[in-house]
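Note that this note's numbering gives residue 136 to position 129 of the sequence shown, counting from 1, and the numbers run on in steps of one.
A short write-up of the structure that comes next.
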Amino acid sequence: MSRVPLLDPAATTGAVREQLDQIHATFGATPAMFRAVASSPAALASMWGAFGALGGGALGAALGEQIAVAVADRNGCEYCLAAHTALGRRAGVGREAMADAQEGRSDDPRTQALLTFVLRLVDARGHVSAQDVEAVREHGWSDEEVVEAIAHVALNLFTNYVNVALDVPVDFPTVRLRRAA
């Protein structure tokens, strides 16, 4: 059971209600994570705004979801792993590619380089080396894309921590964690 109340969208007002209505329209339901985060209008605005900004970014939805499952598995976040696996499949990523991404792997060398960087970033808590950044650039990733990948990691750390710390119930089809730290 969640450690904070899961707000009923119908009982909210103002900006929170507007954002929860947008979330419902996007997902066809209001996921439990957003209902938990709605306890803080500022946190909800931050999270939903970041999802919107990054969803339209240079990396695209499919790669964003691959990053999300890699970070979720590394952090032991069952909620985010389930949600982003479903969203990745919706974005056109195959089941096997999503499972590989969960472990930080890809058949595509360019994607592999980015997932390696992302997990290095998580493991090192941001303290990556110049060589780590250069290794990503050598695979054709631009500075824009590297910075955006870091933003994806930051957003996913936020959502992982919310879901783990607040024990938000998983309302997506479950996926087995593989390599949680």
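All C-beta atoms in this analysis are idealised placements derived from N, C-alpha and C, irrespective of residue type, glycine included.
Quiz item: Can you tell me the Cα-Cα spacing of Arg185 and Asn167, whole angstroms?
Solution: Taken atom to atom, the span from the alpha-carbon of Arg185 to that of Asn167 is near 16 Å.
Quiz item: Among residues of its own chain, excluding the 5 on either side of Glu145, which ones have a beta-carbon nearer than 8 Å to its beta-carbon?
Solution: Hits under 8 Å: Ala120.
Quiz item: Does the beta-carbon of Gln138 have 16 or more other beta-carbons within 10 angstroms, so that it is buried, or is it exposed?
Solution: With fewer than 16 Cβ atoms within 10 Å of its Cβ, Gln138 is classed as exposed.
Exercise. Would you mind working out which of Pro116, Arg117, Ala93 sits nearest Ala106, comparing C-alpha positions?
Key: The shortest C-alpha separation from Ala106 is found at Ala93.
Exercise. With DSSP collapsed to three states, give me the class of Ala65.
Key: Coil at Ala65, not helix or strand.
Quiz item: From what residue to what residue does the alpha helix (DSSP H) around Arg144 run?
Solution: 137-144 is the extent of the alpha helix (DSSP H) around Arg144.
Quiz item: Taking the alpha carbon of Ser205 as the point to measure from, which residue in Pro176, Asn163, Gly64 has its own alpha carbon closest?
Solution: Residue 205 lies beyond the residue range present for the chain, which begins at 8 and ends at 188; the question has no answer from this structure.
Quiz prompt | Own chain residues within Cβ distance below 6 Å of Glu85, not counting five before or after | solution = Taken in chain order, the residues that qualify are Val177.
Practice problem: Measure the alpha-carbon distance for Ala81 versus Leu126 and round it to whole angstroms. | Solution: Looking at the sequence itself, residue 81 is Arg, so the reference to Ala does not match. Arg81 and Leu126: Cα-Cα distance of roughly 8 Å.
Quiz item: Cα-Cα, which of Gln109, Ile157, Leu88 is closest to Val171?
Solution: Cα-wise, what sits closest to Val171 is Leu88.
Quiz item: Is the beta carbon of Tyr12 less than 9 Å from the beta carbon of Leu27?
Solution: In the sequence on display, residue 12 carries Pro and not Tyr. Cβ atoms of Pro12 and Leu27: not closer than 9 Å.
Exercise. For the alpha helix (DSSP H) holding Glu151, just list the boundary residues, first then last.
Key: Per DSSP, Glu151 belongs to the alpha helix (DSSP H) from 150-172.
Exercise. Tell me, to the nearest whole angstrom, how far the beta carbon of Ala69 is from that of His91; I am working on the premise that it is less than 8 Å.
Key: 11 Å between Cβ atoms; not a contact.
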